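Here the structure is laid out as structure tokens; the discussion comes afterwards.
Residue numbers (the working numbering), protein chains in the order written: chain U, 18 to 443; chain Y, 176 to 830; chain G, 137 to 351.
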């Protein structure tokens with residue numbers, strides 16, 4: 018047996034399938050339980066999108082099940098959810114589609130294996146390419162920019178002299194490039210960033226994942242005070258989007274070595290201004306944003322409740338889509354998003370003018386761009402079909418009916434159902 | 176004594192006090208029916224007054240029937256929910272001495288300074304309002320304190336006291352429901368001179384309300400209840416008219432004109448709204464007058480009945496003009512028929528019959544018992560499905576929207592699954608599974624409804640309305656739960672049978688294995704497709720296919736558990752006993768997914784923390800682990816049947 | 137949800153390097169490569185904002201470090217100074233039982249606009265709203281270096297949160313939009329009392345200034 022053959026055998030084995038399924042089961046369970054204390058965002062990163070898993074917080078899991086326990090953290094070294102899922106996908110294709118004995122009877126199994134692999138692939142594609150954010154509008158307001166809930170960036174914009182033709186452009190530093198700069202005990206961490214377009218180099222240091230900015234009263238003799246203020250770290254909020262990170266930034270003139278310091282904070286009312294070499298720049302720690310290929314104007318936002326209650330019955334926004342001088346009226350409702358130009362706009366939240374203390378209502382849309390948007394639907398149809406076919410034929414054999422007759426009936430019924438579904442949808 | 180009070184009242188000339196109806200008059204079937212089917216708008220839905228009465232009573236009493244000693248006949252007697260409401264409305268004195276408030280732990284009563292009733296006294300921890308009234312101040316103080324604690328951190332006694340406090344406040348409003356009509360300004364009102372001149376006694380709310388509003392407009396300081404005792408009484412009456420401190424449960428029985436607001440008006444609401452806006456419409460005053468007529472007729476049984484029926488038909492036609500209230504009668508009959516309770520009784524009967532038939536195998540009686548149990552299971556299933564269907568008709572939506580509805584649905588479909596298995600195998604095991612699944616599911620639903628004590632027919636949030644994928648996803652997921660629970664039950668039964676019967680025939684071994692394996696496969700299909708459909712719905716609603724939400728993960732856990740079982744079996748890592756062991760674990764996973772995930776307090780499906788839910792979940796887990804211990808013991812004793820004999824014929828697709 | 141370490145393998149590598157080297161300072165200089173076009177609907181850049189404003193610490197402090205009132209003013213003789221709060225930056229009372237009230241409120245932005253606010257006041261007195269044209273006809277008064285709309289109205293007064301109106305009240309008010317704020321000065325009380333305090337009101341209004349501008 019060659020090495021390649023052995024590898025093929027291993028990758029297609031039931032042993033691997035069972036082991037990976039058991040790991041997925043354990044991760045799903047732990048990832049669910051840890052959410053109670055660590056929040057969805059962190060549990061998801063740790064168990065489902067990770068390459069390796071190095072620690073399990075058993076105490077948190079037991080407390081989630083209402084068993085009072087103390088602190089119990091188990092150091093482990095396990096393949097992460099991402100690794101397991103990738104291996105599993107490979108295992109399904111090699112074992113369940115390629116190696117499986119192909120005969121009329123196994124057609125259902127092959128179909129369902131193939132579609133499961135396709136679904137895992139869809140998950141991978143959407144994880145790597147999906148962007149999502151919020152677009153908030155007041156009635157009468159127009160915008161084409163949506164902002165991320167979880168992803169933060171440092172943006173640098175030259176404001177004076179202004180860009181020619183009014184086309185503003187900013188330099189972006191992604192949070193993956195600075196979120197590791199959290200001080201480690203007493204020693205801080207820093208990283209320097211540069212660009213040919215800037216007369217200065219920018220050093221970012223001492224990232225605080227959640228912070229407030231405090232005025233320095235001079236009593237403690239702090240060293241990290243900038244312009245009378247310092248970064249006071251706060252405990253992390255399990256809800257990742259609620260955290261207000263801060264950074265200490267230093268701009269150093271490339272020619273003279275002169276430095277200017279500033280504090281960047283997600284909640285800051287305005288960006289930090291740097292004036293150097295007769296130019297003015299704003300530097301800001303902000304939520305990542307994207308621009309849509311069209312603009313959306315909110316015409317009317319309607320919110321209805323079941324009479325006499327606070328239970329919403331209907332959320333509906335009427336918007337105008339503005340693109341290349343063309344205007345189109347569109348409705349966005351709960352469960353009825355607007356799909357256009359590769360983007361999908363969902364009715365996410367709605368605030369009445371009364372709540373906002375203003376005359377207009379406001380609507381928040383969730384904007385998503387995901388190339389794999391509809392893939393799970395097709396794979397679901399296929400997997401349902403495959404399993405139903407296989408299991409009903411199995412039942413037929415066991416009970417002594419004609420399995421091909423049963424298979425025919427199943428194919429008919431399933432097709433009818435999905436035709437009905439598609440007719441209802443479009 | 177009573178005549179004295181009436182005489183005094185008449186002498187003072189301050190209020191219109193009329194004689195109370197007797198208990199027998201109040202329980203006149205026609206009168207009771209008129210009130211029971213009175214349309215009410217509550218929690219955003221038009222329902223019969225009977226439904227309101229049922230859930231109020233269930234909350235106070237833990238049961239829908241009040242047992243008491245009838246003072247008129249001096250015999251033990253019982254009141255239905257609507258009769259109890261009528262007694263509370265029209266005979267407050269009697270109502271206050273009914274053993275109404277259920278407090279399970281006597282320590283809760285001693286903590287507020289009361290005397291605990293021995294459970295042996297036949298009242299079973301039920302206290303009258305008069306028992307609690309002297310300790311009201313202490314109760315309110317403690318209840319307020321405990322209500323501010325996190326629900327998770329409350330002890331059972333603290334929870335009881337907190338609940339009792341709220342119940343007493345709500346109860347006082349119900350007792351005082353007609354106070355605005357009885358005496359709008361209290362028993363001995365001291366009205367300001369100008370108002371007194373404008374309002375000569377007897378005081379009637381339809382005339383008093385406009386006069387009060389006019390007076391308050393001229394004398395704004397009069398609106399402060401604390402410094403104006405008569406205003407305090409006036410507002411208290413209005414609160415009684417609303418019958419609940421919870422806005423959503425406020426009593427609304429007057430349909431507004433067609434095209435006007437969707438919100439119905441109620442006697443208390445009209446008064447409160449009047450005080451707030453300074454205005455009252457002629458329509459609303461007319462409604463108050465109609466409502467008053469009923470109260471004024473209470474001393475004449477014939478007239479009382481006539482007025483109640485007249486009010487009802489007036490409300491009905493006003494509602495019908497708005498195209499509302501068409502399902503009120505159906506709902507009243509649905510509650511009366513009590514489908515799920517009856518179904519449970521029949522399921523339990525079937526269990527007993529089947530058990531008996533196994534004790535006397537191969538006799539003439541056995542055949543008879545089998546046929547009777549078939550009939551019982553069919554009747555029970557029919558009851559369950561009828562109940563579910565009627566709920567769908569009333570709400571004009573699919574069968575499952577709440578946790579309660581999942582229990583009923585799973586009981587019904589679990590029974591259907593069992594019947595299907597029986598039709599295929601004809602070994603009575605299917606029937607037994609049907610009755611066990613049905614009885615357990617319905618028992619659970621009844622326990623849950625009692626603990627929750629809120630209307631189970633609820634209006635849906637916007638996101639849960641109208642989506643084709645959602646409409647398919649929810650039943651599928653729940654059918655998946657049902658199939659997995661059935662598979663687990665079969666394996667559990669197998670372990671028990673094996674432990675007690677050393678020489679189980681190979682054909683029986685095969686039967687257990689085949690049925691549980693079949694349901695395992697059905698469970699995989701339903702859970703997998705249901706889960707993916709849920710993702711597709713979520714993608715249409717929120718733009719994310721999968722969000723690692725606890726409830727979603729729970730469904731995924733079920734799918735993974737089944738896949739592990741199937742692949743481990745095909746890989747040869749487990750054999751028949753292993754499949755049964757995995758099925759028992761599958762049951763544990765399903766219970767976690769079904770109930771446990773809602774208790775975590777995070778995610779989109781967290782309906783709030785239910786007291787004691789973890790205890791029940793854990794006891795189930797422990798029972799299954801005991802059975803797993805049984806499997807380990809069987810394995811150790813080498814009692815497992817030769818694997819080849821019971822190998823399901825078509826499992827091995829292995830290359 | 138995006139996953140940092142996976143979406144950007146370079147960053148993942150960097151992260152590992154950062155963890156293994158215990159240096160305070162990452163030795164390599166990172167080139168900024170990512171850029172973004174700014175939407176034409178985006179708000180104009182906010183340049184040269186002080187740290188105090190950026191970190192919501194505008195309120196100046198007295199010697200003990202407590203925030204100082206952003207306004208300075210002279211309290212008329214016979215009037216009493218009350219505790220200021222978020223809604224009432226300056227909070228004064230007058231009259232035999234302190235039934236007269238006069239306070240300054242500052243709201244960010246347009247706060248619904250002048251017309252809506254004047255009509256909100258009229259509503260508190262049980263008066264019908266003024267049409268936009270009539271609002272424009274209202275007299276103006278110099279206040280903090282600008283022209284403020286001046287309102288005088290009589291009626292039965294019912295303030296926010298109050299249950300019942302008080303009879304025969306007068307409201308004298310100023311509304312002015314300045315420095316990104318909408319400022320309200322509102323005097324209320326029984327009609328006769330307000331009339332006799334009109335001169336005090338004028339002198340109080342004239343004495344108000346921004347603390348920052350003063351220094």
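All C-beta atoms, glycine included, are put in the ideal place defined by N, C-alpha and C. These figures come from a predicted structure and were not determined experimentally.
Between residue 326 of chain G and the set G:307, G:313 and G:311, the nearest pair of CA atoms involves G:307. Looking from the CA of residue 200 of chain U, the closest CA among U:72, U:189 and U:221 belongs to U:221. Contact of residue 301 of chain G with chain Y by beta-carbon distance below 7 Å involves 395. Counting only runs of at least 4 residues, the stretch 549-634 of chain Y fully encloses the following alpha helix (DSSP H) elements, listed from N- to C-terminal order: 578-600 and 604-627. For residue 128 of chain U, the enclosing alpha helix (DSSP H) stretches over residues 124-146.
For residue 169 of chain G, no beta strand (DSSP E) segment is defined, and its DSSP state is neither H nor E. When DSSP states are grouped into helix, strand and coil, residue 456 of chain Y belongs to the coil group. Within its own chain, the residues whose Cβ lies closer than 8 Å to the Cβ of residue 266 of chain Y, once the five positions on either side in sequence are excluded, are 195, 196, 198 and 201, listed in chain order. In the three-state scheme derived from DSSP, where H, G and I count as helix and E and B as strand, residue 80 of chain U is classed as helix. Ranking U:419, U:410, U:401 and U:269 by CA distance to the CA of residue 432 of chain U puts U:401 first. Within the stretch 452-526 of chain Y, the runs of alpha helix (DSSP H) that reach at least 4 residues and sit entirely inside it are, in chain order, 457-471, 476-496 and 503-512. Contact residues of the stretch 171-189 of chain U toward chain G are 172, 173, 174, 176, 177, 183, 184, 185, 186, 187, 188 and 189 (C-beta to C-beta distance below 8 Å).
Contact annotation: residue 313 of chain Y and residue 287 of chain Y have beta-carbon atoms nearer than 8 Å. Between the C-alpha atoms of residue 158 of chain U and residue 177 of chain G there is a straight-line separation of about 10 Å. Within the stretch 134-151 of chain U, those residues whose Cβ lies closer than 9 Å to any Cβ of chain Y are, in chain order, 136, 139, 140, 143, 147 and 149.
Between the alpha carbons of residue 277 of chain U and residue 283 of chain U lies a gap of roughly 20 Å. Interface flag for residue 657 of chain Y against chain G is unset, since no Cβ pair is found closer than 8 Å. For residue 260 of chain G, the uninterrupted alpha helix (DSSP H) segment begins and ends at 250-260. Residue 243 of chain U sits in a strand when the DSSP states are folded into three classes.
Within 7 Å of the CB of residue 246 of chain U, the CB atoms of chain G belong to 187 and 191, in sequence order along the chain. Within its own chain, the residues whose Cβ lies closer than 7 Å to the Cβ of residue 227 of chain Y, once the five positions on either side in sequence are excluded, are 215 and 217, listed in chain order. The alpha-carbon separation between residue 513 of chain Y and residue 555 of chain Y amounts to approximately 12 Å. Distance from the CA atom of residue 228 of chain U to the CA atom of residue 288 of chain U, rounded to whole angstroms, is 16 Å. At a cut-off of 8 Å between beta carbons, residue 736 of chain Y contacts chain U. For residue 209 of chain U, the beta-bridge partners assigned by DSSP are U:220 and G:165. Look at the beta carbons and you see the stretch 259-267 of chain G not touching the stretch 220-232 of chain G: under three pairs across the two are nearer than 8 Å. Interface with chain G (8 Å Cβ-Cβ cutoff): residue 241 of chain Y is excluded. Per DSSP, the beta-bridge partners of residue 293 of chain U are U:296. Between residue 103 of chain U and the set U:28, U:148 and U:77, the nearest pair of CA atoms involves U:28.
Look at residue 383 of chain U: its C-beta is not under 8 Å from any C-beta on chain G.
A residue is called buried once 16 or more other Cβ atoms fall within 10 Å of its Cβ, and residue 751 of chain Y is buried on that count.
Bounds of any alpha helix (DSSP H) do not take in residue 333 of chain U; it lies within the beta strand (DSSP E) bounded by 329-340. Within 10 angstroms of the beta-carbon of residue 229 of chain Y lie 16 or more other beta-carbons, which makes it buried. Under the 8 Å criterion on CB atoms, residue 231 of chain Y is classed as non-interfacial with respect to chain U. Around the beta carbon of residue 259 of chain U, a 10 Å sphere encloses fewer than 16 other beta carbons of the protein chains shown; the residue is thus reported as exposed. At a Cβ-Cβ threshold of 8 Å, residue 224 of chain Y and residue 240 of chain Y do not count as neighbours.
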